[in-house]
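Presented below is the structure to which this report refers.
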Amino acid sequence: MRKIPGAGARLGYAAPELMVVVMARLLSDATTVFTGVASYLPVLAVLLARRLYNPDLVWLNIPGRVNPAPSRIPRSTVHPALAEGGEASLTLAEIFDLSARGELDVAFLSGVQVDRTGAINLSRIEEGGQLKVQLTGGAGSALIYPTARRTLLWRAKHDTRSLVERVSVATAAGNIYRLVTPLALFRPGKEGLELESIHPWASLEEVRAATGFPVGEAPTTPPPRPEELRVLREIDPEKLREIEFS
Amino acid sequence: MRKIPGAGARLGYAAPELMVVVMARLLSDATTVFTGVASYLPVLAVLLARRLYNPDLVWLNIPGRVNPAPSRIPRSTVHPALAEGGEASLTLAEIFDLSARGELDVAFLSGVQVDRTGAINLSRIEEGGQLKVQLTGGAGSALIYPTARRTLLWRAKHDTRSLVERVSVATAAGNIYRLVTPLALFRPGKEGLELESIHPWASLEEVRAATGFPVGEAPTTPPPRPEELRVLREIDPEKLREIEFS
Amino acid sequence: MAGKKLVSLDEAASLVKDGDTLALGGNLLYRIPAAFARELARQGRRGLRLVKTAGNYEIDLLSRSGSASSVVAGFVSFEAEFGLAPGFRRAVEEGRVSFEENACYTVIAGLRAAAYGVPFMPVAELAGSRVPADRGFRRVPNPYGEGEVLTVPALIPDWAVLHVQKADLRGNGVIHGPLFEDVLMARAARSVILTAEEILEEMDEGELDRALIPGFKVAAVVHLPGGGRPGACPPYYEYSPVEVAEYLYAAERGELAAYLEKVRP
Amino acid sequence: MAGKKLVSLDEAASLVKDGDTLALGGNLLYRIPAAFARELARQGRRGLRLVKTAGNYEIDLLSRSGSASSVVAGFVSFEAEFGLAPGFRRAVEEGRVSFEENACYTVIAGLRAAAYGVPFMPVAELAGSRVPADRGFRRVPNPYGEGEVLTVPALIPDWAVLHVQKADLRGNGVIHGPLFEDVLMARAARSVILTAEEILEEMDEGELDRALIPGFKVAAVVHLPGGGRPGACPPYYEYSPVEVAEYLYAAERGELAAYLEKVRP
Chain Z
3 MRKIPGAGAR LGYAAPELMV VVMARLLSDA TTVFTGVASY LPVLAVLLAR
53 RLYNPDLVWL NIPGRVNPAP SRIPRSTVHP ALAEGGEASL TLAEIFDLSA
103 RGELDVAFLS GVQVDRTGAI NLSRIEEGGQ LKVQLTGGAG SALIYPTARR
153 TLLWRAKHDT RSLVERVSVA TAAGNIYRLV TPLALFRPGK EGLELESIHP
203 WASLEEVRAA TGFPVGEAPT TPPPRPEELR VLREIDPEKL REIEFS
Chain H
3 MRKIPGAGAR LGYAAPELMV VVMARLLSDA TTVFTGVASY LPVLAVLLAR
53 RLYNPDLVWL NIPGRVNPAP SRIPRSTVHP ALAEGGEASL TLAEIFDLSA
103 RGELDVAFLS GVQVDRTGAI NLSRIEEGGQ LKVQLTGGAG SALIYPTARR
153 TLLWRAKHDT RSLVERVSVA TAAGNIYRLV TPLALFRPGK EGLELESIHP
203 WASLEEVRAA TGFPVGEAPT TPPPRPEELR VLREIDPEKL REIEFS
Chain V
78 MAGKKLVSLD EAASLVKDGD TLALGGNLLY RIPAAFAREL ARQGRRGLRL
128 VKTAGNYEID LLSRSGSASS VVAGFVSFEA EFGLAPGFRR AVEEGRVSFE
178 ENACYTVIAG LRAAAYGVPF MPVAELAGSR VPADRGFRRV PNPYGEGEVL
228 TVPALIPDWA VLHVQKADLR GNGVIHGPLF EDVLMARAAR SVILTAEEIL
278 EEMDEGELDR ALIPGFKVAA VVHLPGGGRP GACPPYYEYS PVEVAEYLYA
328 AERGELAAYL EKVRP
Chain D
78 MAGKKLVSLD EAASLVKDGD TLALGGNLLY RIPAAFAREL ARQGRRGLRL
128 VKTAGNYEID LLSRSGSASS VVAGFVSFEA EFGLAPGFRR AVEEGRVSFE
178 ENACYTVIAG LRAAAYGVPF MPVAELAGSR VPADRGFRRV PNPYGEGEVL
228 TVPALIPDWA VLHVQKADLR GNGVIHGPLF EDVLMARAAR SVILTAEEIL
278 EEMDEGELDR ALIPGFKVAA VVHLPGGGRP GACPPYYEYS PVEVAEYLYA
328 AERGELAAYL EKVRP
């Protein structure tokens with residue numbers, strides 16, 4: 003298991019908690035939100051947001067029930083437990099249609115590479131036009147990213163291989179809302195992604211060293227409030243929030 | 003109620019019975035068959051064929067269950083009773099898709115006008131390009147007729163207003179298999195529809211006088227066998243087979 | 078949010094504005110938004126464009142009342158004993174209503190295009206039919222092979238108006254039995270209005286599987302037992318030939334206003 | 078007819094010929110035709126083109142076994158603890174398998190085109206994505222407005238291979254829980270093969286509502302309890318991380334043949 007950023011700072015929370023809290027806060031005004039495959043942190047952010055900020059948030063996911071209220075978070079984001087307590091049925095294909103129609107408000111996406119324009123790469127790393135590393139494929143991202151109103155990118159790694167000037171291959175690009183990493187929060191600016199805030203355990207120098215494109219100064223990310231941490235621990239007693247850091 | 007052709011001949015059957023029997027026999031080698039709206043005679047033909055000639059026939063209809071075995075024939079062809087005893091679910095839209103893919107074997111269609119080419123008119127009667135009589139619209143026919151492998155036309159009226167040289171407006175045209183009327187059975191020939199057989203109560207002269215295009219000679223339609231009549235009466239104790247003649 | 082969607086029939090019908098395009102759920106006399114149509118007529122709505130695959134009662138009624146100015150449908154008629162929809166037929170023949178005759182399948186194709194967020198849907202060639210030419214359906218070159226492909230433009234209703242068996246306070250709608258085009262209409266339309274036989278507090282698993290109309294796109298829910306009459310809403314009631322006859326008799330005598338006053342909701 | 082469709086796994090897998098295109102049902106480790114894939118590998122099938130939206134185990138296995146020569150999918154990976162599908166990844170990197178990377182939605186669009194009997198499906202613009210160019214997706218002029226519209230060609234599998242909870246002797250298949258793309262695959266494919274946890278003599282109404290795979294297009298049904306393992310088939314069994322690890326461990330040590338002999342069916 004690699005080191006979890008912030009874990010050494012003894013703040014009572016680290017990157018997994020802060021990332022979930024930051025993403026949950028960003029959902030305060032969302033109407034509909036979609037989480038896809040292997041999306042542990044987003045699932046927790048949705049549940050936290052619904053508990054604390056946005057009880058009317060409508061959550062859509064792969065198992066096909068609208069607005070589920072799972073009693074536990076399974077280790078697969080396709081698990082039927084994520085359909086429990088739902089209020090209606092909607093297939094994944096129909097969720098894609100919803101996004102294609104422009105009716106999806108917020109989507110969560112990630113990328114092995116994320117570049118300054120917000121483009122993500124889940125396809126492959128090429129060198130000199132030759133395939134070097136085959137990645138997973140972009141799942142729904144090529145459709146979702148340009149058609150959802152706002153896409154919230156997250157990435158549990160923050161280094162110069164992940165945050166790059168330009169992705170090797172653009173699997174998807176679109177309407178970026180924010181990018182959340184273990185070190186910082188980014189928002190779109192005039193020249194692409196810019197720093198919005200730096201997490202308490204990171205310095206601007208560290209962020210610069212770990213980012214493949216230039217970044218300016220930014221304030222510190224507001225820490226989680228005790229209530230946010232309490233509810234998050236309640237929602238996620240098994241610490242699935244750390245899976246993406248392993 | 004207008005006079006039912008053949009009713010005066012005291013044969014123990016008349017046009018409704020013979021039409022159903024003729025259509026049922028034509029389903030002997032069918033794999034899938036579709037009946038649409040207001041299709042009483044076809045529904046009975048399907049049930050008769052399944053009982054006597056083709057137990058594996060797969061029946062598709064509007065209420066959405068594949069191969070139903072209704073305990074009674076309702077007065078609406080959209081009635082859920084026509085879904086009873088079905089073996090799977092398939093919506094009308096999916097039945098249309100099935101036909102569009104070329105997978106539908108036999109379809110039943112009718113027309114207010116049927117012409118020598120087999121084209122049907124369910125749209126409107128025009129005179130000098132002006133709307134004179136608005137008809138019902140063709141429902142699924144414009145798709146079904148050209149895409150089903152074989153279309154079985156039926157029409158409970160046989161007169162020069164129904165069987166015309168050329169329809170006022172072609173709502174649909176396509177792969178005609180047979181046309182069954184109260185007086186005769188037609189099949190496609192080199193110059194369009196030609197007589198295959200004449201029902202026992204009709205003479206060639208009567209058929210000619212009632213048909214808006216030229217017809218040649220033809221043998222007599224084989225009468226219903228006692229078993230066919232017995233099973234038909236069992237299936238249709240309320241004589242819904244006469245509705246289309248009222 | 079929960080509960081705010083539950084409104085009166087009057088309020089729900091008021092959401093529809095003159096000139097709106099309405100997709101009407103159900104098929105022929107099955108699970109149709111009949112009471113909602115009567116309320117639109119009572120409120121004197123005008124210029125409506127109605128979308129349906131196969132219909133009769135509510136198309137006929139809104140054509141007589143002067144509420145409908147055009148009808149996009151594949152089939153407009155009663156079945157068997159009642160024959161053609163006489164009010165609709167006359168309205169079309171007299172030029173008061175424009176009948177945009179489609180094949181049922183081209184209505185479905187237009188709704189699919191809307192549901193998928195694209196401007197058109199390719200469809201199998203309707204060979205020999207006047208419908209494509211009458212409707213101005215265009216062809217595009219097949220980008221992956223020979224020839225051209227017939228297309229149908231997206232059909233985006235302002236409202237899908239559906240009569241369903243059950244709904245909850247959040248607007249989630251449950252359909253038992255044939256779906257007809259209701260679900261597709263709910264996807265294609267900008268917004269949805271439900272009238273429902275029952276309002277549920279909670280759904281069981283069977284109901285959830287049939288809850289194919291998510292509430293987040295539903296603007297209003299009306300608790301309206303009998304809202305499908307004179308049509309059927311199984312398993313609650315069968316269609317009533319007597320009530321259909323009552324409608325046709327009154328309407329053909331020019332007593333539609335009295336009929337609308339009497340038959341409530 | 079009834080009963081003749083019920084065959085052994087061996088017989089059902091023999092229907093698939095070298096070079097066929099197979100749409101595989103389920104999603105990731107849920108309701109996947111895992112045992113069927115193992116049998117294809119055992120029988121030494123070659124040149125298969127696999128179609129899936131999001132998959133892992135059976136794509137990985139058929140890539141290792143040399144059965145698959147190309148994969149049309151949106152996502153191929155295990156989740157969480159197991160990470161990337163290493164056999165698939167290496168097969169692609171070494172050029173043994175061609176990965177026709179799609180968005181999950183363009184797989185769906187291609188299957189929809191096939192299901193609707195048309196040569197292509199228009200889709201929303203996948204702005205900024207390399208996928209359309211990599212796949213050779215073409216644009217057509219919008220026949221009803223400005224600009225061009227992205228299209229996806231019809232994707233017509235020879236077979237939809239689906240693992241379902243229940244089927245009857247006539248081949249009607251019942252799916253409980255998420256449908257994923259199974260129903261669409263069954264419409265789009267030329268023919269269907271089902272493996273099922275249970276064979277039903279009769280269905281109740283709830284099962285009939287979920288019997289979305291009509292038997293008339295099903296060529297073979299295999300009674301195959303556990304046919305989705307190591308994946309899940311709710312409510313019968315959960316997926317087994319231990320069995321997934323067993324597969325990956327054996328396969329990565331080059332012991333796939335022994336694994337296939339051991340893990341039956």
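Protein chains in written order, with the numbering used here: chain Z, 3 to 248; chain H, 3 to 248; chain V, 78 to 342; chain D, 78 to 342. Note that the Cβ used here is the ideal one computed from N, Cα and C, for glycine as well. Quantities reported herein were computed from a predicted structural model and do not represent experimental measurements.
- Task: Could you check how far apart the C-beta atoms of G142 of chain Z and G38 of chain Z are, in whole angstroms? I think they sit under 8 angstroms.
- Result: 6 angstroms
- Item | Cβ contact (3+ pairs, closer than 8 angstroms) linking the region 188–196 of chain D and the region 214–222 of chain D | no
- Query: Distance, Cα to Cα, N123 of chain Z vs T153 of chain Z?
  - Reply: 15 angstroms
- Query: So is V174 of chain V buried or exposed if we call it buried at 16+ other beta carbons inside 10 Å?
  - Reply: buried
- Task: Compute the Euclidean distance between the alpha carbons of Y324 of chain V and F152 of chain D, then round it to the nearest angstrom.
- Result: 57 angstroms
- Task: Check P307 of chain V in the structure and name its three-state DSSP category.
- Result: coil
- Query: Listing by chain order, which chain V residues have their CB less than 8 angstroms from the CB of A32 of chain Z?
  - Reply: Within 8 angstroms Cβ-Cβ: nothing; A32 of chain Z doesn't reach chain V, min ~12 angstroms.
- V238 of chain V versus V319 of chain D - alpha carbon distance: 50 angstroms
- Measure the CB-CB distance between A111 of chain V and G304 of chain V and report whether it falls below 9 angstroms. yes
- Task: With DSSP collapsed to three states, give me the class of I122 of chain H.
- Result: strand
- Neighbourhood of V135 of chain H by C-beta, 7 angstroms cutoff - its chain only, sequence neighbours within 5 removed: R126, I127
- Message: Give me the DSSP bridge partner(s) of D117 of chain Z.
- Response: Z:V166
- Query: For the putative contact between M262 of chain V and P234 of chain V, defined by C-beta atoms under 8 angstroms, what is the C-beta separation to the nearest angstrom?
  - Reply: 7 angstroms
- Residue interval of the alpha helix (DSSP H) (run including A244 of chain V): Looking at the DSSP string, A244 of chain V is not in any alpha helix (DSSP H); the run it does join, the beta strand (DSSP E), is 236–245.
- Message: Against chain H, does N249 of chain D count as a neighbour if the rule is that its beta carbon must be under 9 angstroms from one of theirs?
- Response: yes
- Using the beta-carbon of each residue, which ones in chain Z are nearer than 8 angstroms to P245 of chain V? Note that residue 245 of chain V corresponds to Asp in the displayed sequence, not to Pro. Within 8 angstroms Cβ-Cβ: E89.
- Message: Rounding to the nearest angstrom, what Cα-Cα distance links M3 of chain H and H160 of chain H in this structure?
- Response: Confidence in M3 of chain H is poor, its pLDDT being 48 and thus under 50, which makes the residue's placement too unreliable to answer from.
- Query: What three-state label does DSSP hand L301 of chain V in the structure shown?
  - Reply: coil
- Is it the case that the Cβ atoms of F257 of chain D and T130 of chain D are separated by a distance below 9 angstroms? yes
- Query: Can you find a C-beta in chain D that's less than 9 angstroms from the C-beta of H81 of chain Z?
  - Reply: yes
- DSSP state of T183 of chain D mapped onto helix, strand, coil: helix
- Looking at C-alpha atoms only, which residue of H:P76, H:P184, H:A172, H:E193 is the closest neighbour of I223 of chain H? Note that residue 223 of chain H is Thr in the sequence shown, not Ile. Checked all of H:P76, H:P184, H:A172, H:E193; the closest Cα to T223 of chain H is H:P184.
- Segment limits, alpha helix (DSSP H) that includes K134 of chain H: Not the alpha helix (DSSP H): K134 of chain H falls in the beta strand (DSSP E), residues 132–136.
- Message: By alpha-carbon positions, which one of D:I252, D:A265, D:G248 ends up nearest to P291 of chain D?
- Response: D:G248
- Got a sec, what are the start and stop residues for the alpha helix (DSSP H) V84 of chain D sits in? Element bounds for V84 of chain D: n/a, residue is neither H nor E.
- Query: Using CA coordinates, which residue listed in H:G88, H:E96, H:S112 is at the minimum distance from W61 of chain H?
  - Reply: H:G88
- Task: Buried or exposed for M78 of chain V, please, with buried defined as at least 16 other CB atoms from any protein chain shown within 10 angstroms of its CB.
- Result: Because M78 of chain V carries a pLDDT of 48, less than 50, the predicted location of this residue cannot be relied on, and no value is offered for it.
- Message: Taking beta-carbon pairs under 7 angstroms, can you tell me which members of the region 182–213 of chain V lie near chain Z?
- Response: A192, Y193, G194
- Task: Starting from the beta carbon of P291 of chain D, find every residue of chain H whose beta carbon is closer than 7 angstroms, and list them in chain order.
- Result: V68, A90, L92
- Could you tell me whether any Cβ in chain H is nearer than 9 angstroms to the Cβ of M262 of chain D? no
- Message: Among D:Y316, D:A145, D:E279, D:L285, whose alpha-carbon lies nearest the alpha-carbon of P76 of chain Z?
- Response: D:Y316
- Message: Excluding the 5 residues flanking P225 of chain H on each side, which residues of the same chain have their C-beta closer than 8 angstroms to its C-beta?
- Response: L13, Y15, L20, P202
- Thinking just about the alpha-carbon of each residue, which of V:F155, V:Y107, V:E156, V:K94 is nearest to the one in L127 of chain V? V:K94
- Item | Neighbouring residues, chain D, relative to L145 of chain Z (Cβ below 7 angstroms) | A180, Y182, A201, L203
- Could you work out which residues of chain D lie near V217 of chain V, taking near to mean beta carbons separated by less than 7 angstroms? V217, P218, P220
- Item | Spatial neighbours of R210 of chain H in its chain, beta-carbon cut-off 7 angstroms, leaving aside the 5 residues before and after | V217
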